[in-house]
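Engineer:
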Amino acid sequence: MIDILHPAMNNPLIKFLQLLRYISEADSAIITSHFEHKYFKEGDYLFKGHRVCNELFFVCKGVLRIVTTNEKGIDITHFFYKENQISTILQSFNEGTPTEPGIQACCDAEVLVITKSKLLALYQQLPYMKGIIDKINQQHLIEKVRVRNSYLGEDAENQYKLFIMQQPDIALRVPLKDVASYLGITPQSLSRIRKNIK
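Under the working numbering, the first residue of the sequence shown carries the number 91, and numbering increases by one thereafter.
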């Protein structure tokens, strides 16, 4: 049930931030006013890459992926983002430098978007927000490294087993080809692996 009197407090971003620190109703309204609600269909690009990434995306519903295309025209998935995670190309966003990777919706997605200029304006109004966003980005970076390191030295079958153990909700919602490109194998190989472990 939606609380009509306190709409900002029911925002999924605010609910997530409340896990990290107390945020007043007034501050919640300020934060939500800086974000824009957007919907993307499966396959849509939130950010196409090969330019500066000036937007930060909070995932309300769905799964996003960081993706590049190799010299053979094959997509390579570098990481997945799901609900209550913030997705951007961090180095490009922070430094204002062009970047190759893009951000794509693996399934229908609902996100809250903030531009860098609006985020900096938000930091001016609510300085504590910078510490929160920096902490979230740092935690995501550590998680990326932890997940990637867990695959080192494992064969394709064990990598897939680790993937469905560590990220079962993502495994069920994204196309097989995206999982295969994340694990660095062909969709055909992944199909065989899936049959073998059933």
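Built from N, CA and C at the ideal position, the CB exists for glycine as well.
(1) With distances taken between CB atoms, is the gap from N174 to V142 smaller than 8 Å?
(2) For a quick check, are the C-beta atoms of N144 and T205 less than 8 Å apart?
(3) Consult DSSP for G192 and reduce its assignment to one of helix, strand or coil.
(4) Name, in chain order, the residues that DSSP records as bridge partners for E126.
(5) By how many angstroms is the C-alpha of I287 removed from the C-alpha of K220?
(6) With a threshold of 8 Å on Cβ separation, who are the neighbours of T276 within its own chain once the five nearest residues in sequence on each side are excluded?
(7) Tell me whether the region 203-217 and the region 109-126 touch, counting them as touching only if at least three CB pairs, one residue from each stretch, are closer than 8 Å.
(8) With distances taken Cα to Cα, identify the nearest neighbour of I283 among Q181, Y112, R111, L252.
(9) Report yes or no: do the region 208-215 and the region 106-116 share at least 3 C-beta pairs separated by less than 8 Å?
(10) Rounded C-beta distance between K267 and F169? I'm assuming under 8 Å.
(11) I need the DSSP call for L252, collapsed to helix, strand or coil.
(12) Would V237 count as contacting chain B if we go by Cβ distances under 8 Å?
(13) Using a threshold of 8 Å, state whether the C-beta atoms of I193 and F106 are closer than that.
(14) Starting from K234, trace the alpha helix (DSSP H) both ways and give me its first and last residue.
(15) Within 10 angstroms of the Cβ of P191, are there 16 or more other Cβ atoms? Answer buried if so, exposed if not.
(16) Taking 8 Å as the cut-off, decide whether the C-beta atoms of F147 and S177 are in contact.
(17) With distances taken from CA atoms, which of N248, N101, Q256, C197 is nearest T299?
(18) Between Y171, N160, T189, which has its C-alpha nearest Q229's C-alpha?
(19) Among all the DSSP beta bridges, which residues are the ones paired with F170?
(20) Which class does L262 belong to by DSSP, given the choice of helix, strand or coil?
(21) List the whole-angstrom C-beta distance separating L280 from L273, where the pair is believed to meet the contact cut-off of C-beta under 8 Å.
Structural biologist: Per the coordinate set shown:
(1) On the sequence shown, position 84 is the one that residue 174 refers to. On the sequence shown, position 52 is the one that residue 142 refers to. Not a contact, by the Cβ cut-off of 8 Å.
(2) Taking the first residue of the sequence shown as position 1, residue 144 is located at position 54. Taking the first residue of the sequence shown as position 1, residue 205 is located at position 115. Yes. Within cutoff.
(3) Taking the sequence shown and counting its residues from 1, the one referred to as residue 192 is at position 102. Shown here, G192 sits in a strand according to DSSP, grouped into three states.
(4) As a position in the sequence shown, residue 126 is number 36, starting the count at 1. According to DSSP, E126 bridges with V203.
(5) As a first step, residue 220 is located in the sequence shown; it is residue number 130 there, counting from the start. As a first step, residue 287 is located in the sequence shown; it is residue number 197 there, counting from the start. Approximately 45 Å between the Cα atoms of the pair.
(6) Reading the sequence shown from its first residue, position 186 is the one you call residue 276. So the qualifying residues of the chain are A270.
(7) Because the criterion of three Cβ pairs below 8 Å is met, the region 203-217 and the region 109-126 touch.
(8) Your numbering for residue 283 matches position 193 in the sequence shown. Residue nearest to I283 within the set Q181, Y112, R111, L252 is L252 (criterion: CA-CA distance).
(9) As far as the Cβ criterion goes, the region 208-215 does not touch the region 106-116, which means the pair count is below three.
(10) Indexing the sequence shown from 1 puts residue 267 at position 177. Indexing the sequence shown from 1 puts residue 169 at position 79. K267 to F169, Cβ: 16 Å. No contact.
(11) Looking up residue 252 in the sequence shown gives position 162. Three-state result, L252: helix.
(12) Going by chain labels, chain B is absent from the structure shown, which holds only one protein chain.
(13) Start at 1 with the first residue of the sequence shown, and residue 193 comes out as number 103. Start at 1 with the first residue of the sequence shown, and residue 106 comes out as number 16. The answer is no: Cβ separation not under 8 Å.
(14) Counting from one through the sequence shown, the residue named residue 234 turns up at place 144. Counting along the chain, the alpha helix (DSSP H) containing K234 begins and ends at 218-240.
(15) Taking the sequence shown and counting its residues from 1, one reaches residue 191 at position 101. Classification of P191: buried, given that the 10 Å Cβ count is 16 or more.
(16) Against the sequence shown, residue 147 aligns to sequence position 57. Against the sequence shown, residue 177 aligns to sequence position 87. Going by C-beta atoms, F147 is nearer than 8 Å to S177.
(17) Because the chain here runs from 91 to 288, residue 299 falls outside it and cannot be looked at.
(18) Here residue 229 corresponds to residue number 139 of the sequence shown, with the count starting at 1. Closest by alpha carbon: Y171.
(19) Translated into positions along the sequence shown, residue 170 becomes position 80. Looking at the DSSP assignment, F170 forms a beta bridge with R155.
(20) Reading the sequence shown from its first residue, position 172 is the one you call residue 262. Look at L262 here: in three-state DSSP terms it is coil, with no helix or strand label.
(21) Counted from its first residue, the sequence shown places residue 280 at position 190. Counted from its first residue, the sequence shown places residue 273 at position 183. Indeed, because the Cβ distance is near 7 Å, the residues count as touching under 8 Å.
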